[in-house]
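Participant: Residue numbers (the numbering used here), protein chains in the order written: chain A, 4 to 177; chain B, 485 to 1327; chain C, 2 to 100.
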Amino acid sequence: MSAVILAADSVNVAQNVAFGIIAAIMIFAALNVVTTKNVVHAALWLVVVLSGIAAQYILAAAEFVAVSQVLVYIGAVMVLFLFGIMLTRAQIGKEFGLNNKGWALGIPVALGLFGLLAWVILDAFGDDILPDRGPAPTVALSDQFLSIYLVPFLAISFVLLAAAIGAIVLARKD
Amino acid sequence: MLGAETVELTSGWFLENAWLVGLIPVIGFAIIIAFGKKLPMKGAEVGLASMAVTLVIAVGGAIQWMQRTDAADGAGKEAGGLLQAFGRVLPQATEGEAKPFIDPVVTTWVWWQNSGLEFGIGSSIDGLAILLIALVAFISLLVQVFSVDYVRGDRRYTHFFAAITLFSGGMLIMLMAENMVQLILGWEIMGLCSFMLIGHWWEEDANSRAALKAFFTVRVGDVGLLVGTAIIFFGANQWAVDNLDSNGFNIAAIQAWALSGEANTQFLLWGAVALFIAAIGKSGQFPLHTWLPDAMAGPTPVSSLLHSSTMVVAGVFLVARVYPVFWEGFNIGTGGLSFIAIIGAITIVIAALLAFVQDDIKKVLAYSTVSQLGYMMLGLGTGAWLPAVFHIFTHAFFKCALFLCAGSVSHSGSHHSFDMKKDMGGLRKKMPITFTAWIVSTLALTGVFPFAGFWSKDEIIDNVGANSYTFLMWVGLGGAVLTAMYMTRATYLTFFGEPRGAAAGEHGGHDDAHAEEHEMEHVSVGAPEPRSLGAAANAHVDDHGAGHGDDHGGGHDGGHGDDHAGPHESGPLILIPIVILAFFALFAGFANPTPLASRFGEGVELMKTYVEPRATPVVAKEFLAAGGPGESASLVEFVVVPSAESGGEGGEEGAKKSGCGFDAPESGTVCFFPSVSHAEPKFTKILLSLGVVAIGYAVAIAFCIAFYGRRNKHLVGLTERHKVLRGGFLFLKNKYYLDALYENVIVHAVAHPIAKFANWINQNVLDATVNAVGIGTRKTGEWVYDNIDQKIVDGAVNGSGRAASEAGHALQPTQSGKIGQYGALLFGAATVGAIVLVLVNVS
Amino acid sequence: MLAVNFLLLAAALFAIGVYGVIARRNAVMVLMSIELILNAVSLNLVAFSLMTGAIDGQVFALYVIAIAAAEVGVGLAMVLMIYRNRKTIALDELSEMKG
């Protein structure tokens, strides 16, 4: 299969390479997220992962999503995470270790899950070639948002509002 | 079959409702028990009333029975056959014409049925039954009148009347019984009442012992009754079902079966033996006579009613009732020496001898009763059925009169003492009426012409001789001599000579200590009584006719105050029954004066006409078809058998006997009574018996005057000087050591070890078994509890509980609250589920 | 490029995120792992959108991003609350269940 991946058509060799490098970085970073002993380090590794995701989005001809990813996730969510880490840092340090007692259970679960997914994916999509498309026009996205998915769009704005208010309410010091 | 004639048999209200005579006294008993104490006369009025009503019904029934007989005989169509009979003269030669069978009037209700066997209760009235019913009712009424005054003040006055009324009811139930079951019922009621009445003053040990002795001795005989009934039932039942549509308990069926010629002789013999054993017990024959003298512990009215005139004749009645069984079983008709006659003869002699050594006047009379019952049995055992039944009739009157006189003497003459030697003597001047009645009754008892006993007892002796039992005839005559002698002795000691003891007005020690002494034993069983004349009472035995303990408290009318003045005549309530009975003792014999029949015709023989069942074969058609309640049944056809029948009317012996009882009846007919022979009375025989009695009197009077009166030196103390005489005297005094034999040998040595052995078996075998079962069950229960219940059952229950608990504990870690674990579980489960899904869908 | 690339990558990220949820003790770390999972899903959506040419996948990816943001906000607010109450956000110390 690796041969198939590498031996793609000429136009996409660059894509494949890029993809491969970014994917490797992402996997490495993700592994670090879940294994590092330092919470802040984990957050920073998560930033790496998120960035890689954004890059993948671009490779997948979803630019608006990539940009949104960067803006929202890396810009807001990660900051939020860092704030959260900061505010709750006092009791947690490197002393206790960041893995709970049953961490070993996670390995087989994760491996099993990955194996299953991999098998299913390969079984279903093993030979599919991604079509070569140009970048997706944002117009098409907005068309979708404001026509078919209008209600979810408005709903999600409510959700965000509720989340914001809720967060404030929850985190108040009263 | 010669011309069968249908005869219209009349009946009547009294005959058909004669069952009331059994019911009314029982109801009276219940009323007295329930309400007696509250009534003004304390229950006596209920007893008297019930007896009076019973007597009315009985007399009415008797009159109607005589009408019935007359109607059947075809002579004397008017009512009042009694008067008619005296004027009627029938030709002597009634040989060729057999008298028709008068079937009894039966009124029964079926009270129980079981597999075709029906038990009825009700009445079956024929001549014998109605005669004795009227007799019992009459005597009971007189005795109850006597008791009103005699028993006054007694501690249990009401219960006395209740018991005596129930007794009368019981005897009447027995007399009118149509089947053996009812007869046994009446028999047992009488036994119960006898026990209650003998032990009326049961607080004294001797009285209760006497009551128990009476009960148990009679009970020994009752075994014979039950066994005999059973034997006869098994013998007769099939025949009765086949021929008479009846059952083996029905008395008439039993009679017919016995005479049918088809009866198994072994059944007849052993049934007769067993039933006779019952008669021995009840009627005080040797060897079960020992209870009768001890029964004198009861009050005098009880002795006069039960143990002289009525209850003790129940045994005689049984034999007379079921006579065909005995006739065939013991071959009475063919002149064999029958068991009954032997026992009767022995009883006559031994009882008469024992009467000589009694000091207690009631005991003399008791032994006299035993002896007279021996006469009745002798008569029945030799085929003299009618004289024996007639003797029951006359004996009741004079014996009851004698007892009541003794009661009168003790009540008013000897200060409640019955000891002739100590407290009586010379009373004829002070108690003339009692004395006269006593003399009349004594003459009747000894059989002096023209008193009642002459006609009945001498008939027995006559018939015994005529049926060629010569030796027994002499035994009977000897008994008559002895009777005259001991009665003379008793009469002399009581009424003649110098007054002794209480009769002389002494009644020393009349304080409460004396009252206690009066509560002492009336009977001393087996101990010879000290013979001392004179000296007033420290240990005299007496009975408490009037509750002497209460006397001192007053309430004893006409008595105690006067007693201090000495003996006097009794009150009217006591004397009137005595006088009435003495009257009958005088004239009752004329109911069947056989020796006069040759002069006046057979019509004067009322007993023979009305009481004796006819020995005529009868067509058994619709016999006793009393299928429904209260139905009377009567035979509608009878057959006259040709003239070669019952011999013996004309000749004394040798004539060929035939007819019922000798030949089997022709098929289709049944006999109910054997042809008994009737001796022709001869002047020589009458003279013989009278002469014998006269000799007895003469000797006795002379001896009494010499011994008791003038105290002849040669005679006084004779038994103490002469060893042989002393031995004989002691032998008699100890009642032939029979009591010692019964109690020490039989009861003690035989019954006692048997009882102990039975007790041992009961305790160690039966109880041990039961206990072992109980222990075993308990052990099993414990084992089951320990092993099965605790281990298995509880184990299962606990185990399931533990399993649930363990399961819960096992599953507990999944609820740890650890989020990581929750996450692992969640994703793990999802993974597994997905794998399964994939596998299912792909493969 | 093969479609499976994206999909496998997403699957890997997903598995790693699952491991993080299970194994991590710190609540914030768990939230981060959840972010990984969400991002893996978004990547999947975009990849499918690319495969099928329909833009809906990207729309959904945007939605996922928005929801993720909201979720993180609320989640961290809760973590803050827990921290204030219990002075710890170690998940195994937050459990009060015995046994």
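Don't be surprised by glycine CBs; every beta carbon is placed ideally from N, CA and C.
Everything numeric in this text was worked out from a predicted model, so none of it was measured.
My assumption, with CB atoms under 8 Å, is that B/Ala1066 sits in contact with B/Ser925. Please give the rounded CB distance.
Facilitator: Residue 1066 of chain B sits at position 582 when you count from the first residue of the second sequence. Residue 925 of chain B sits at position 441 when you count from the first residue of the second sequence. Yes, they are in contact, since the Cβ atoms of B/Ala1066 and B/Ser925 sit about 6 Å apart, within 8 Å.
Participant: Give the residues of chain C in contact with B/Ala1308, contact being defined as C-beta atoms less than 7 Å apart.
Facilitator: Start at 1 with the first residue of the second sequence, and residue 1308 of chain B comes out as number 824. Correct list: Ile23.
Participant: My guess is that B/Phe935 and B/Leu1070 are in contact by the Cβ rule of under 8 Å, so how many angstroms apart are they, rounded?
Facilitator: Taking the first residue of the second sequence as position 1, residue 935 of chain B is located at position 451. Taking the first residue of the second sequence as position 1, residue 1070 of chain B is located at position 586. Their Cβ separation, rounded to whole angstroms, is 6 Å, which keeps B/Phe935 and B/Leu1070 in contact under 8 Å.
Participant: Beta-carbon separation of B/Phe733 and B/Val809 under 8 Å?
Facilitator: Mapped onto the second sequence, residue 733 of chain B falls at position 249. Mapped onto the second sequence, residue 809 of chain B falls at position 325. Not a contact, by the Cβ cut-off of 8 Å.
Participant: Using the three-state DSSP reduction, which class does B/Glu602 fall into: helix, strand or coil?
Facilitator: Position 118 of the second sequence, counted from the first residue, corresponds to residue 602 of chain B. It is a strand residue.
Participant: Does any residue of chain C have a CB that is nearer than 8 Å to the CB of B/Lys1275?
Facilitator: Sequence index remark: in the second sequence, residue 1275 of chain B carries index 791 (1-based). No, its Cβ sits nowhere closer than 8 Å to a Cβ of chain C.
Participant: For B/Gly1317, decide whether its Cβ has a neighbour in chain A, counting only Cβ atoms nearer than 8 Å.
Facilitator: Here residue 1317 of chain B corresponds to residue number 833 of the second sequence, with the count starting at 1. With 8 Å as the cut-off, B/Gly1317 does not count as an interface residue toward chain A.
Participant: Let me check understanding here. Comparing Cα to Cα, which of B/Tyr851, B/Leu753, B/Ala742 lies closest to B/Ser792?
Facilitator: Residue 792 of chain B sits at position 308 when you count from the first residue of the second sequence. The residue with the shortest Cα to Cα distance from B/Ser792 is B/Tyr851.
Participant: Nearest CA to the CA of B/Ser534: which residue from B/Leu493, B/Val620, B/Trp596, B/Gly604?
Facilitator: Looking up residue 534 of chain B in the second sequence gives position 50. The option with the nearest alpha carbon to B/Ser534 is B/Val620.
Participant: Tell me where the alpha helix (DSSP H) around A/Leu70 begins and ends.
Facilitator: As a first step, residue 70 of chain A is located in the first sequence; it is residue number 67 there, counting from the start. The sequence given here has Val at residue 70 of chain A, not Leu. Note, A/Val70: alpha helix (DSSP H), 66-71.
Participant: Tell me the DSSP secondary structure of B/Gln597 in three-state form.
Facilitator: If you number the second sequence from 1, residue 597 of chain B lands on position 113. In the structure shown, B/Gln597 sits in a strand (DSSP, three-state: E or B).
Participant: With B/Arg805 as the anchor, note down where its alpha helix (DSSP H) starts and where it stops.
Facilitator: Taking the first residue of the second sequence as position 1, residue 805 of chain B is located at position 321. Where B/Arg805 is concerned, the enclosing alpha helix (DSSP H) stretches over 798-805.
Participant: By the 8 Å beta-carbon criterion, what residues does the region 33-46 of chain A contribute toward chain B?
Facilitator: none
Participant: Anything in chain B within Cβ reach of A/Asn103, meaning under 9 Å, just list it in chain order.
Facilitator: Along the first sequence, one-based indexing puts residue 103 of chain A at 100. The answer, in chain order, is Lys1302, Ile1303, Gly1304, Gln1305.
Participant: Using beta carbons (cut-off 8 Å, strictly below), is B/Val1324 in contact with chain A?
Facilitator: Taking the first residue of the second sequence as position 1, residue 1324 of chain B is located at position 840. No, B/Val1324 does not count as interfacial toward chain A.
Participant: Suppose the cutoff is 7 Å on Cβ atoms and the five residues either side in sequence are ignored; what does the same chain contact list for C/Val47 look like?
Facilitator: Within the third sequence, the letter at position 46 stands for residue 47 of chain C. Cβ within range, chain order: Gly58, Gln59, Ala62.
Participant: Which chain B residues sit within Cβ distance under 7 Å of A/Gly109?
Facilitator: As a first step, residue 109 of chain A must be located in the first sequence, where it is residue number 106. Within 7 Å Cβ-Cβ: Ala1308.
Participant: Could you list which residues in chain B have their beta carbon closer than 8 Å to that of C/Met98, in chain order?
Facilitator: Indexing the third sequence from 1 puts residue 98 of chain C at position 97. Here the neighbours are Gln1299, Ser1300, Gly1301.
Participant: Between B/Ala737, B/Trp775, B/Ser788, which has its C-alpha nearest B/Thr1153's C-alpha?
Facilitator: As a working note, residue 1153 of chain B is residue 669 in the second sequence. By alpha-carbon distance to B/Thr1153, the top candidate from B/Ala737, B/Trp775, B/Ser788 is B/Ala737.
Participant: Suppose the cutoff is 8 Å on Cβ atoms and the five residues either side in sequence are ignored; what does the same chain contact list for B/Lys521 look like?
Facilitator: Stepping through the second sequence from its first residue, residue 521 of chain B is reached at position 37. Contacts found: Gly527, Thr642.
Participant: Check whether the region 882-893 of chain B and the region 626-636 of chain B are in contact - that is, three or more C-beta pairs closer than 8 Å.
Facilitator: At 8 Å Cβ cutoff, the stretches touch.
Participant: Can you find a C-beta in chain A that's less than 8 Å from the C-beta of C/Leu8?
Facilitator: As a position in the third sequence, residue 8 of chain C is number 7, starting the count at 1. Yes, because at least one Cβ of chain A sits closer than 8 Å to the Cβ of C/Leu8.
Participant: In the DSSP assignment, find the unbroken alpha helix (DSSP H) run with C/Glu94 in it and report its ends.
Facilitator: Numbered from its first residue, the third sequence carries residue 94 of chain C at position 93. Counting along the chain, the alpha helix (DSSP H) containing C/Glu94 begins and ends at 92-95.
Participant: Below 8 Å between beta carbons: does that hold for B/Ile609 and B/Leu499?
Facilitator: Translated into the one-based positions of the second sequence, residue 609 of chain B becomes position 125. Translated into the one-based positions of the second sequence, residue 499 of chain B becomes position 15. B/Ile609 is a Cβ neighbour of B/Leu499, given a cutoff of 8 Å.
Participant: What number of angstroms, rounded off, separates the C-alpha of B/Gly858 from the C-alpha of B/Ile827?
Facilitator: Here residue 858 of chain B is taken as the residue at index 374 of the second sequence, counted from 1. Here residue 827 of chain B is taken as the residue at index 343 of the second sequence, counted from 1. Whole-angstrom Cα-Cα distance: 7 Å.
Participant: A/Leu119 versus chain B: which residues are under 8 Å apart at the beta carbon?
Facilitator: Numbered from its first residue, the first sequence carries residue 119 of chain A at position 116. Per Cβ cutoff of 8 Å: Thr1315, Ala1318, Ile1319, Val1322.
Participant: At 7 Å on the CB atoms, spell out the chain A contacts of B/Leu1312, in chain order.
Facilitator: In the second sequence, the residue the question calls residue 1312 of chain B occupies position 828. The amino acid occupying residue 1312 of chain B in the given sequence is Gly; Leu does not appear at that position. Chain A residues near B/Gly1312: Val112.
Participant: Which same chain residues, not among the five before or five after A/Val36, have their C-beta less than 7 Å away from its C-beta?
Facilitator: If you number the first sequence from 1, residue 36 of chain A lands on position 33. Excluding residues within five positions, the ones whose Cβ falls inside 7 Å are Ala45, Trp48, Leu49, Val52.
Participant: Where do the N-terminal and C-terminal ends of the alpha helix (DSSP H) with A/Asp131 fall, by residue?
Facilitator: Against the first sequence, residue 131 of chain A aligns to sequence position 128. From DSSP, A/Asp131 is part of no alpha helix (DSSP H); its letter is neither H nor E.
Participant: Here's a check: name, in chain order, each residue in its chain whose Cβ is nearer than 8 Å to the Cβ of A/Met81, leaving out the five neighbours to either side.
Facilitator: Translated into the one-based positions of the first sequence, residue 81 of chain A becomes position 78. The residues are Ala46, Leu49, Val50, Leu53.
Participant: How about B/Tyr1192 and B/Ala968: are their beta carbons less than 8 Å apart?
Facilitator: Walking along the second sequence from the start, residue 1192 of chain B turns up at place 708. Walking along the second sequence from the start, residue 968 of chain B turns up at place 484. For B/Tyr1192 and B/Ala968, no; Cβs fall outside 8 Å.
Participant: For B/His1002, name the three-state secondary structure that DSSP assigns.
Facilitator: Here residue 1002 of chain B is taken as the residue at index 518 of the second sequence, counted from 1. In this predicted model, B/His1002 has a pLDDT of only 40, less than 50, meaning its place in the structure is not dependable; the value taken from the coordinates is given anyway. In the three-state scheme derived from DSSP, where H, G and I count as helix and E and B as strand, B/His1002 is classed as helix.
Participant: Please check the pair B/Val1088 and B/Ala1081, which I expect to be a contact at CB under 8 Å, by giving their CB distance rounded to whole angstroms.
Facilitator: Translated into the one-based positions of the second sequence, residue 1088 of chain B becomes position 604. Translated into the one-based positions of the second sequence, residue 1081 of chain B becomes position 597. Indeed they touch by this definition, with Cβ atoms about 6 Å apart.
Participant: Here's a check: name, in chain order, each residue in its chain whose Cβ is nearer than 8 Å to the Cβ of B/Glu529, leaving out the five neighbours to either side.
Facilitator: By one-based count along the second sequence, residue 529 of chain B stands at place 45. For B/Glu529, where only same-chain residues beyond five positions count, the Cβ hits under 8 Å are Leu523.
Participant: Count the CB pairs spanning the region 145-156 of chain A and the region 12-19 of chain C that are closer than 8 Å, and state whether there are at least three.
Facilitator: no
Participant: Around the C-beta of B/Lys1219, are 16 or more other C-beta atoms found within 10 angstroms, so that it is buried, or is it exposed?
Facilitator: To locate residue 1219 of chain B, count along the second sequence from 1; it is residue 735. Buried, because 16 or more other Cβ atoms sit within 10 Å of the Cβ of B/Lys1219.
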